[in-house]
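A.B. asks: Could you have a look at this structure, given as structure tokens, before my questions?
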Amino acid sequence: MTVLEVINATTPFFAKHDVPSPRLTVELMLAEILQKTRMQLYLDYGKTIDEPALDRLRPLVKRRAEGEPLEYLLGATTFAGHRVEIGPDALIPRPETEILLQAVVELIDPAGLPVLDVGTGSGILALALARKFPQLEIIATDISPAALALARRNTKDCGNIRHAKSDLMEDPSLPERLQMIVANLPYIPTGQIDGLMREVRHEPRLALDGGPDGLDLIRRLIAQSAKRTRYLALEFGDGQAEAAKTLCLNAGYALIKILPDFTERERILVAEHHG
């Protein structure tokens, strides 16, 4: 089969199984398997795909039709221009987290105190910050050993990152003072998880479940971080902005701003503590 024949055969199959962006999905799969860009695929539409490549593609097509996320199937994704390994031990990076990253970058002192990435998952925020500020110490924590192993692989070329297994900020080895804490913690209310899209339900529950109101970990982190950092930057869920703001104010933080995501939903909180 040629590249175009595979695309034309797989696209309606994906559409039948409710895979979003069916043509784009098969193109991304082919590009990964053939180690080409999508532009190169377009130029090679008439070329025949060899049998070993088709053998790799077929099980991926089946698993994607069953709802397994494309990023897990490909084993990689891109965040803030950095290609990273991704797998079922960590949350798949979302575009709105790049808004969180940009808000943090604007406040960081490149020669200042360390920055802490709590619940680092695949390590995307720590990686982007370490590359942006190579002289700054970045500390990345996670409660999941498997997620930390993934983060270490993604940041192995960054000498300014230290990893630590920690339940939020409970590890006693963490610095007493920091200039910034950044966190994209689980914030889905427990009762809503079973109703999420099938792709999201493939992601680790530990990275999704934020407790009864979705704010359990955010609540704990705000309490733990008060008086230990100048800045705190958080991502939160739909309808949680006022609660997150109140938690910060009650802990002695002053609100700097709340930012919307790409769908205009309030998603990012940035606060400052003068204690």
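Going by our numbering, the sequence shown opens with residue 1176, and the numbers climb by one from there.
Built from N, CA and C at the ideal position, the CB exists for glycine as well.
When DSSP labels each residue in this structure, what does Val1194 get in the three-state scheme?
C.D. replies: Three-state result, Val1194: coil.
A.B. asks: Using DSSP with H/G/I as helix, E/B as strand and the rest coil, what is Ile1314?
C.D. replies: Residue state, collapsed to three classes: strand.
A.B. asks: By a C-beta neighbour count over all protein chains shown, 10 Å radius and 16 as the cutoff for buried, is Ser1400 buried or exposed?
C.D. replies: Classification of Ser1400: buried, given that the 10 Å Cβ count is 16 or more.
A.B. asks: Would you mind working out which of Pro1268, Gly1389 and Asp1436 sits nearest Thr1365, comparing C-alpha positions?
C.D. replies: Taking only the C-alpha atoms, the option nearest Thr1365 is Gly1389.
A.B. asks: Between which two residues does the beta strand (DSSP E) carrying Arg1405 extend?
C.D. replies: Where Arg1405 is concerned, the enclosing beta strand (DSSP E) stretches over Thr1404 to Glu1410.
A.B. asks: Mapping the DSSP letters down to three states, classify Gln1367 as helix, strand or coil.
C.D. replies: Helix at Gln1367.
A.B. asks: Reducing DSSP to helix, strand and coil, say where Ile1356 ends up.
C.D. replies: Of the three classes helix, strand and coil, the one that applies to Ile1356 here is strand, per DSSP.
A.B. asks: Going by the CB atoms, is the gap between Ala1326 and Ala1301 shorter than 8 Å?
C.D. replies: Yes.
A.B. asks: Quick check on the DSSP output: the beta strand (DSSP E) that includes Lys1432 runs from which residue to which?
C.D. replies: Looking at the DSSP string, the run of the beta strand (DSSP E) that includes Lys1432 is Tyr1428 to Pro1435.
A.B. asks: Nearest by alpha-carbon distance to Arg1239: which of Leu1407, Val1375 and Asn1329 is it?
C.D. replies: Arg1239 has its Cα closest to that of Val1375, out of Leu1407, Val1375 and Asn1329.
A.B. asks: At which residue ranges does the segment 1213-1242 contain complete alpha helix (DSSP H) runs of 4 or more residues, listed in the order of the chain?
C.D. replies: Those alpha helix (DSSP H) runs which fall completely within the segment 1213-1242 and span 4+ residues are 1213-1218 and 1226-1240.
A.B. asks: Where Pro1350 and Tyr1406 are concerned, what is the direct C-alpha to C-alpha distance, given to the nearest angstrom?
C.D. replies: Near 15 Å, if we compare the C-alpha coordinates of Tyr1406 and Pro1350.
A.B. asks: Grab me the residues of Gly1334's own chain with a C-beta within less than 7 Å of its C-beta, minus the 5 sequence neighbours each way, in chain order.
C.D. replies: Excluding residues within five positions, none has a Cβ falling inside 7 Å.
A.B. asks: Compute the distance between the beta-carbons of Ala1454 and Gly1298, then report whether it is under 8 Å.
C.D. replies: Limits of the chain in this structure are 1176 at one end and 1450 at the other, which puts residue 1454 out of reach.
A.B. asks: Give a yes or no on whether the C-beta atoms belonging to Glu1202 and Leu1216 are separated by under 8 Å.
C.D. replies: In this structure, Leu1216 lies closer than 8 Å to Glu1202 by Cβ.
A.B. asks: Among residues of its own chain, excluding the 5 on either side of Asp1384, which ones have a beta-carbon nearer than 8 Å to its beta-carbon?
C.D. replies: These residues qualify, in order along the chain: Pro1361, Ile1363, Thr1365 and Ile1368.
A.B. asks: Out of Pro1387, Arg1440 and Asp1342, which has the shortest C-alpha to C-alpha gap to Ala1322?
C.D. replies: Comparing Cα positions, the closest option is Asp1342.
A.B. asks: Can you pull the DSSP bridge partners for Val1445?
C.D. replies: Beta-bridge pairing links Val1445 to Ala1408 and Lys1432.
A.B. asks: Considering only the alpha carbon of each residue, which of Pro1285, Pro1263 and Gln1354 lies closest to Ser1319?
C.D. replies: Closest option to Ser1319, Cα to Cα, is Pro1263.
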